[in-house]
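Below is one structure; the comments refer to it alone.
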DNA sequence: CAGTGGTCTAGACCACGCG
DNA sequence: GCGTGGTCTAGACCACTGG
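Residue numbers (UniProt numbering), protein chains in the order written: chain P, 1 to 263; chain G, 1 to 263.
What follows is the structure, encoded as structure tokens:
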């Protein structure tokens, strides 16, 4: 017996999913059915299906009409190069909303504002002293009423005192990037990091994540000619988002990817 | 009891890890110790620790000297903007190697070559007919002897017949991007996608992934003035890699991030 | 009510690898 | 050898929810 039973069972079910025998939204056999089918105990069945759950292939739904369901993958594309590029005056949040709408979904978002003292790591990113204070603007973004991603942006306190709008717990119509530019803090360089990891319990709650869902984290540090002025943490639920950027001649790409109209 | 036992136990242990009471490389209590400590059965202990394993916080080591160990996070930074940008003549693989060495690790890679008929999805990306054939060049990249990431690049067959070096199962010294440019196929636009997901079983084997490890996928489609000429799938083990890009004035960033010396 | 998955117990035997 | 985690069994009771 090279493979343990629960892995063999998982492999068979996984095969049925990736080959298309079981499609998105389909129900797997119930746990008692799998026990009979493979002649194993319930715990072994659960070990097998736990693998699929953690791989993000399946989710479990309790209740009479529940079962184990093949997960749907609806992917929302987020264009990091469209939102808030120096040359583009589009408001960041409107950019997100219009992207979602263009892809045929309904968009909404919730703002909140916190004042926090900075961790050493964040202080270094913003090039300010450790334990100094910053404004945290959080935006939770919903697609079709479901939380899909969130954005946490930190601004140094002295900047927020100069630009008081940053202290308002509301959406800033023209977008913060544009607002800063209008007040003489134009961001002329970005440092972008892309990270993949499992969610923290807080993220699991905020984004309503199923087990087996990853996080796609995009950290953008924005610099003016003088200094870093903000750090944004874009936290995407990995099962429903991807990030796209382009380099070079966009019209070339649009010729072969019609959906990428640069407008 | 709002929370089930196994979640409470997991929360306590997680708290000790994130707060620093348990540090990277430390051993958790053994399973029998946790049974005594919390007065629960072994399966409950295993349910609790399975959460931590799936969150990527801990890995299990069998054997007498084993145990449950807090995972180390050594992050290798991969600069997607340095390797193979149109303006930069650096060879792509050398770029990767020098990045790894600059971060104090040992680098090696293994090439292999396959001829494959394209899936509909890939054919669309390369703008060729479905079921047409392509060259797949795979490069598995090792850091300190451990597999860390892999790159699968697909070239349309007609291009490979024009540029025969693409059919050699070896590293191309100057880098394929530069080679193509020298033969009149300079890539002038890139379409970059960033995706986070759980690994496939194949990726788990190829990269030697622990449970709870995510995949950071970077898909780059390269275009010449005429057409798309290649698609690269950069598959990174999420626990040991991040991708960095910059926009705008790089010297600004270097002023505040000394480690980001432009080349 | 009936059937789904969620949690939990108390056992058992095995594979591995350091001492 | 012996203590680690890996796998597996056979039960039990619970929470939820559609019919």
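Glycine residues also receive a C-beta, built at the ideal position from the N, C-alpha and C atoms.
Would you list the one or two residues that DSSP bridges to residue 217 of chain G?
-> G/195 and G/235
On the three-state DSSP scale, how would you describe residue 110 of chain G?
-> strand
Alpha carbon to alpha carbon, what distance is there between residue 256 of chain P and residue 224 of chain G?
-> 11 angstroms
Near residue 128 of chain G, which residues of its chain fall below 6 angstroms by C-beta distance, leaving aside the five closest residues on each side in sequence?
-> 156
Given residue 38 of chain P as reference, the closest of P/9, P/57, P/59 and P/28 once Cα atoms are compared | P/9
Integer-rounded CB distance, given that residue 214 of chain G should sit under 8 angstroms from residue 232 of chain G | That pair is no contact at about 20 angstroms.
Would you decide whether residue 15 of chain P is buried or exposed? Buried here means 16 or more other CB atoms lie within 10 Å of its CB.
-> exposed
Close beta carbons around residue 262 of chain G, own chain, < 8 angstroms, minus the five adjacent residues each side | Note on residue 262 of chain G: pLDDT 48, under 50, position unreliable in the model; the coordinate value appears next. Here the set comprises 250, 251 and 254.
At 9 angstroms on the CB atoms, spell out the chain P contacts of residue 8 of chain G, in chain order.
-> None at all; the shortest Cβ gap to chain P is about 12 angstroms.
Please work out which residues of its chain come closer than 7 angstroms, Cβ to Cβ, to residue 212 of chain G, disregarding the five sequence neighbours upstream and downstream, and give them in chain order.
-> 53, 54, 55 and 56
If you measure from the beta carbon of residue 68 of chain P to each beta carbon in chain G, is any gap under 8 angstroms?
-> no
What separation, rounded to the nearest whole angstrom, lies between the Cα atoms of residue 244 of chain P and residue 78 of chain P?
-> 6 angstroms
Looking only at C-alpha atoms, which of G/160, G/120, G/47 and G/30 sits nearest to residue 134 of chain G?
-> G/160
CA-CA distance, residue 123 of chain G and residue 74 of chain P?
-> 21 angstroms
Tell me whether residue 48 of chain G is buried or exposed, calling it buried when 16 or more other Cβ atoms sit within 10 Å of its Cβ.
-> buried
Scan the stretch 225 to 247 of chain G for residues whose Cβ lies nearer than 8 angstroms to a Cβ of chain P and list them as they occur along the chain.
-> 225, 227, 228, 236, 238, 239, 242, 243, 244, 245, 246 and 247
Coil, strand or helix - residue 262 of chain P by DSSP | Bear in mind that the predicted position of residue 262 of chain P carries a pLDDT of just 48, short of 50, making it unreliable; the figure below should be weighed with that in mind. Coil.
Under the rule that 16 or more other beta-carbon atoms within 10 Å means buried, what is residue 30 of chain P, buried or exposed?
-> exposed
If you draw a straight line from the alpha carbon of residue 191 of chain P to that of residue 5 of chain P, how long is it in whole angstroms?
-> 47 angstroms
Along the beta strand (DSSP E) that carries residue 156 of chain P, what are the first and last residues, could you check?
-> 146 to 156
According to the Cβ coordinates, are residue 181 of chain P and residue 248 of chain G closer than 8 angstroms?
-> no
State the DSSP-derived secondary structure class of residue 174 of chain P, mapped to helix, strand or coil.
-> coil
For residue 79 of chain G, which residues does DSSP report across the bridge?
-> G/244
Report the option in G/240, G/158 and G/258 whose CA atom is closest to the CA atom of residue 105 of chain G.
-> G/240
For residue 86 of chain P and chain G, any beta-carbon pair shorter than 8 angstroms?
-> Model confidence at residue 86 of chain P stands at a pLDDT of 48, short of 50, so the residue's coordinates are unreliable and nothing is read from them.
Between residue 163 of chain P and residue 139 of chain P, what straight-line distance do the alpha-carbon atoms span, to the nearest angstrom?
-> 19 angstroms
Would you tell me roughly how many angstroms separate the C-alpha atoms of residue 68 of chain P and residue 7 of chain G, rounded to the nearest one?
-> 22 angstroms
Which two residues bound the contiguous alpha helix (DSSP H) that contains residue 46 of chain G?
-> 42 to 54
Compute the Euclidean distance between the alpha carbons of residue 99 of chain G and residue 218 of chain P, then round it to the nearest angstrom.
-> 21 angstroms
Examine chain G for any beta-carbon lying closer than 8 angstroms to the beta-carbon of residue 17 of chain P, and answer yes or no.
-> no
Taking Cβ positions only, does residue 250 of chain G come closer than 8 angstroms to chain P?
-> yes
So residue 25 of chain G and residue 70 of chain G are in contact, right, with Cβ under 8 angstroms, and what is the actual spacing, rounded?
-> 6 angstroms
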